[in-house]
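Participant: Residue numbers (this note's numbering): 1 to 257.
Positions of the beta carbon are idealized from the N, C-alpha and C atoms, including for glycine.
My structure is below; once you've seen it, I'll send some questions.
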Amino acid sequence: MGEFVSVEISDQIATIRLDRPKMNALNRQVQEEIAECARVVDADPMVAAVIIYGGERVFAAGADIKEMAGMSYADMALHSRALQSCFTAVAAIGKPVVAAITGYALGGGCELALCADFRVAGESAKLGQPEITLGIIPGAGGTQRLPRLVGPAKAKDLIYTGRHVDAAEALAIGLVDRVVPDDEVYTAALELAATFVGGPAVAIRAAKQAIDQGLETDLDTGLEIERLQFSGLFATEDAKEGMGAFAEKRRPKFTGR
Numbered sequence: 001m002g003e004f005v006s007v008e009i010s011d012q013i014a015t016i017r018l019d020r021p022k023m024n025a026l027n028r029q030v031q032e033e034i035a036e037c038a039r040v041v042d043a044d045p046m047v048a049a050v051i052i053y054g055g056e057r058v059f060a061a062g063a064d065i066k067e068m069a070g071m072s073y074a075d076m077a078l079h080s081r082a083l084q085s086c087f088t089a090v091a092a093i094g095k096p097v098v099a100a101i102t103g104y105a106l107g108g109g110c111e112l113a114l115c116a117d118f119r120v121a122g123e124s125a126k127l128g129q130p131e132i133t134l135g136i137i138p139g140a141g142g143t144q145r146l147p148r149l150v151g152p153a154k155a156k157d158l159i160y161t162g163r164h165v166d167a168a169e170a171l172a173i174g175l176v177d178r179v180v181p182d183d184e185v186y187t188a189a190l191e192l193a194a195t196f197v198g199g200p201a202v203a204i205r206a207a208k209q210a211i212d213q214g215l216e217t218d219l220d221t222g223l224e225i226e227r228l229q230f231s232g233l234f235a236t237e238d239a240k241e242g243m244g245a246f247a248e249k250r251r252p253k254f255t256g257r
């Protein structure tokens, strides 16, 4: 797709691959390429699940500090909107997204992983939001997505101190969902993504939207979001197939329609 970010599709699983040596620093070009890849896989009806992967050595070590260092307030006031928009494009993918984390996932790299639905990490992975050590704070969703995932106290600990957490602690606080040997990260992510292939794609998208949008509002509004999504699925072929298969005691054959 781009110079540093590409999409590979196999068996209905799309891998968004970051490849900007040495540390996959997320400069403006990489951010834009990630967003474009996210939009492509979201729109592709043949893609059932998505993996975000930085390679065997590192997920993403963060934003390109050299690029940011020369920016003024006026510069960043404009760029920060584009930065958040690029990451939001990943969070908005209406399919299950798995971050396959090797090595470092720091700063913007951690924020990118937070945009996924699930995170699989290698045993030697390090995650964190070290922006405070530069005199700034996370700007690509870290102050919002991290507390929603691990709770406000844990998020404040990581953001206030800028410390890195290892894979074991990340698993304990809910920052990652599974820890595997370093050389098994991508395989484990593939196995997880594969569980969604052949599933009811419209219902999965509806479930993701209901959960994500519901977290942004009060319970009554969230229940209404759920009700509308739930009711709408009764117009789909997959719902008829799923309930018909249940009545006939057979495995459903979903088509994503």
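By how many angstroms is the C-alpha of L78 removed from the C-alpha of V5?
Facilitator: Numbered from its first residue, the sequence shown carries residue 5 at position 5. Numbered from its first residue, the sequence shown carries residue 78 at position 78. Approximately 23 Å between the Cα atoms of the pair.
Participant: Applying the 10 Å Cβ sphere with the 16-neighbour rule, what's the burial state of I51?
Facilitator: Translated into the one-based positions of the sequence shown, residue 51 becomes position 51. It counts as buried.
Participant: In chain order, which alpha helix (DSSP H) runs of at least 4 residues are fully inside the stretch 8 to 48?
Facilitator: Runs of the alpha helix (DSSP H) inside the stretch 8 to 48: 28 to 43.
Participant: Does the distance from the CB of V120 to the CB of V180 come in under 8 Å?
Facilitator: Sequence index remark: in the sequence shown, residue 120 carries index 120 (1-based). Sequence index remark: in the sequence shown, residue 180 carries index 180 (1-based). A contact, by the Cβ cut-off of 8 Å.
Participant: So the candidates are P45, Q29, C110, P21; which of them puts its Cα closest to the Cα of A82?
Facilitator: Indexing the sequence shown from 1 puts residue 82 at position 82. Cα-wise, what sits closest to A82 is Q29.
Participant: Just curious, the alpha helix (DSSP H) that K154 is in, first and last residue?
Facilitator: As a first step, residue 154 must be located in the sequence shown, where it is residue number 154. Run containing K154: 152 to 161, per the alpha helix (DSSP H) assignment.
Participant: Helix, strand or coil, according to DSSP, for S124 in the structure here?
Facilitator: The residue you call residue 124 lines up with position 124 of the sequence shown. Note: S124 maps to coil in three-state DSSP.
Participant: State the Cα-Cα distance for the pair I159 and R251, rounded to the nearest angstrom.
Facilitator: As a first step, residue 159 is located in the sequence shown; it is residue number 159 there, counting from the start. As a first step, residue 251 is located in the sequence shown; it is residue number 251 there, counting from the start. Their backbone Cα atoms lie some 47 Å apart in a straight line.
Participant: Using alpha carbons as the reference points, say which of Y53, G139, D19 lies closest to A188.
Facilitator: Your numbering for residue 188 matches position 188 in the sequence shown. Among Y53, G139, D19, the Cα nearest to that of A188 belongs to Y53.
Participant: Which first and last residues belong to the beta strand (DSSP E) in which A116 is found?
Facilitator: Your numbering for residue 116 matches position 116 in the sequence shown. Taken as a continuous stretch (DSSP letters only), A116 belongs to no beta strand (DSSP E), as it is neither H nor E.
Participant: Give the single residue among G256, L112, A100 whose Cα lies nearest to the Cα of A140.
Facilitator: Against the sequence shown, residue 140 aligns to sequence position 140. Of the candidates G256, L112, A100, the one whose C-alpha sits nearest the C-alpha of A140 is L112.
Participant: Which word fits A68, buried or exposed, when buried means at least 16 other C-beta atoms lie within 10 angstroms of its C-beta?
Facilitator: For this step, residue 68 is matched to residue 68 along the sequence shown. Looking at the sequence provided, one finds Met at residue 68 rather than Ala. Under this definition M68 is a buried residue.
Participant: At the level of alpha carbons, what is the spacing between Q31 and A245?
Facilitator: Residue 31 sits at position 31 when you count from the first residue of the sequence shown. Residue 245 sits at position 245 when you count from the first residue of the sequence shown. Those two C-alpha atoms are separated by around 43 Å.
Participant: For the stretch 121 to 130 and the stretch 88 to 97, state whether three or more C-beta atom pairs, one from each stretch, are separated by less than 8 Å.
Facilitator: With the cut-off at 8 Å, the stretch 121 to 130 and the stretch 88 to 97 do not touch.
Participant: Can you confirm whether R163, when its beta carbon is compared against all beta carbons of chain B, has any partner nearer than 8 Å?
Facilitator: Absent from the structure is chain B; it holds one protein chain and no more.
Participant: If you draw a straight line from the C-alpha of V40 to the C-alpha of A203, how long is it?
Facilitator: Counted from its first residue, the sequence shown places residue 40 at position 40. Counted from its first residue, the sequence shown places residue 203 at position 203. V40 and A203: Cα-Cα distance of roughly 20 Å.
Participant: Between which two residues does the beta strand (DSSP E) harbouring I93 extend?
Facilitator: In the sequence shown, residue 93 corresponds to position 93, counting from 1. Here I93 belongs to no beta strand (DSSP E), and DSSP marks it neither H nor E.
Participant: Please name the residue or residues paired with H79 in a DSSP beta bridge.
Facilitator: Position 79 of the sequence shown, counted from the start, is the residue given in the question as residue 79. DSSP lists no partner for H79.
Participant: Quick one, which of N27, F254, E224, A49 has its alpha-carbon nearest A193's?
Facilitator: As a first step, residue 193 is located in the sequence shown; it is residue number 193 there, counting from the start. That would be A49, whose Cα lies nearest to the Cα of A193.
Participant: State the Cα-Cα distance for the pair D157 and D11, rounded to the nearest angstrom.
Facilitator: Within the sequence shown, residue 157 is the residue found at index 157, counting from 1. Within the sequence shown, residue 11 is the residue found at index 11, counting from 1. Each residue's alpha carbon lies about 40 Å from the other.
Participant: For G295, count neighbouring C-beta atoms within 10 Å of its own C-beta (all shown protein chains included) and say buried if the count is 16 or more, exposed if not.
Facilitator: For residue 295 there is no data in the structure shown, the boundaries of the chain being 1 and 257.
Participant: Quick one: what does DSSP say I204 is sitting in, helix, strand or coil?
Facilitator: Translated into the one-based positions of the sequence shown, residue 204 becomes position 204. The answer is helix: DSSP assigns I204 an H, G or I state.
Participant: Along the alpha helix (DSSP H) that carries L106, what are the first and last residues, could you check?
Facilitator: The sequence position of residue 106 within the sequence shown is 106, counting from 1. No alpha helix (DSSP H) holds L106; the beta strand (DSSP E) holding it covers 104 to 106.
Participant: Tell me whether the beta-carbon of G225 lies closer than 8 Å to the beta-carbon of G242.
Facilitator: Here the question's residue 225 lines up with position 225 in the sequence shown. Here the question's residue 242 lines up with position 242 in the sequence shown. What sits at residue 225 in the sequence shown is Ile, not Gly. The answer is no: Cβ separation not under 8 Å.
Participant: With distance defined between alpha-carbon atoms, name the residue in T255, I65, D117, E216 nearest to L106.
Facilitator: Residue numbering aside, residue 106 sits at position 106 when the sequence shown is read from its first letter. Closest by alpha carbon: I65.
Participant: According to the Cβ coordinates, are I101 and V176 closer than 8 Å?
Facilitator: Taking the sequence shown and counting its residues from 1, the one referred to as residue 101 is at position 101. Taking the sequence shown and counting its residues from 1, the one referred to as residue 176 is at position 176. Yes, Cβ-Cβ distance for I101 and V176 is below 8 Å.
Participant: P200: buried (16+ other C-beta within 10 angstroms of its C-beta) or exposed?
Facilitator: Position 200 of the sequence shown, counted from the first residue, corresponds to residue 200. Classification for P200: buried.
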